[in-house]
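Chains as they are written, first to last, in the numbering used here: chain C, 1 to 117; chain X, 1001 to 1114.
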């Protein structure tokens, strides 16, 4: 069974600085998707960024980028120029490439990011 | 607004009772997923429906059931409620069975069992 591990329960960053959130996963599959979701105090789950395992190029969305290391099964999120609105819980998630019973998203336990003014 | 509508936003009920949580997926999405978020278990997948049919089941208790109706809205029924069922229940939708672009989540229903 696949697992997702986020080893940093809490992180803090100064406004305008850069922070990296870590995520590792375990799977025997070769094709899969990885996601980062943001959950602000409103509790809404917001998709931040996604990565297909078959793509070597790291995904980027504005100030958010990932460092995807397939061999190491690592998927970290880098937030550049941190803003107060980035303060939230961040979840790393895995989904198998194949459908059926493996459609589900498997989430890590989350990292609570605080942004200091 | 994500386009996924969940009602009610908050629900307080007593142990032993039954409640129904409702989800309307984003327009055009055929797949609906239910997740439970609790402090001790994190985000857990419960069940998935695709175009009215059950497609995948996770750690859903026998006291819980769900269905998806012809208009694609879905309901999650929780019965014989226990204190431990208190959690945030999310519904998410996607256009197809798979979620290549991730799911779109609703804002959740906060269930408190007292």
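We put the beta carbon where it would ideally sit given N, CA and C, even for glycine.
Proximal chain X residues relative to residue 109/C, where beta-carbon distance stays under 9 Å: 1042, 1043
Inter-residue spacing [alpha-carbon to alpha-carbon] between residue 45/C and residue 1103/X: 9 Å
Cα-Cα separation between residue 82/C and residue 67/C, rounded to whole angstroms: 17 Å
Closer than 8 Å to chain C by CB, residue 1105/X: yes
Residue-chain proximity (residue 1090/X, chain C), Cβ-Cβ < 8 Å: yes
C-beta atoms of residue 1019/X and residue 1061/X nearer than 8 Å: Going by C-beta atoms, residue 1019/X is not nearer than 8 Å to residue 1061/X.
For residue 84/C, the three-state DSSP class (helix, strand or coil): helix
Inter-residue CB distance, residue 1068/X and residue 1052/X (contact presumed, cutoff 8 Å): Indeed, because the Cβ distance is near 5 Å, the residues count as touching under 8 Å.
Interface flag, residue 1048/X vs chain C, CB-CB below 8 Å: Judged by the 8 Å Cβ criterion, residue 1048/X is in contact with chain C.
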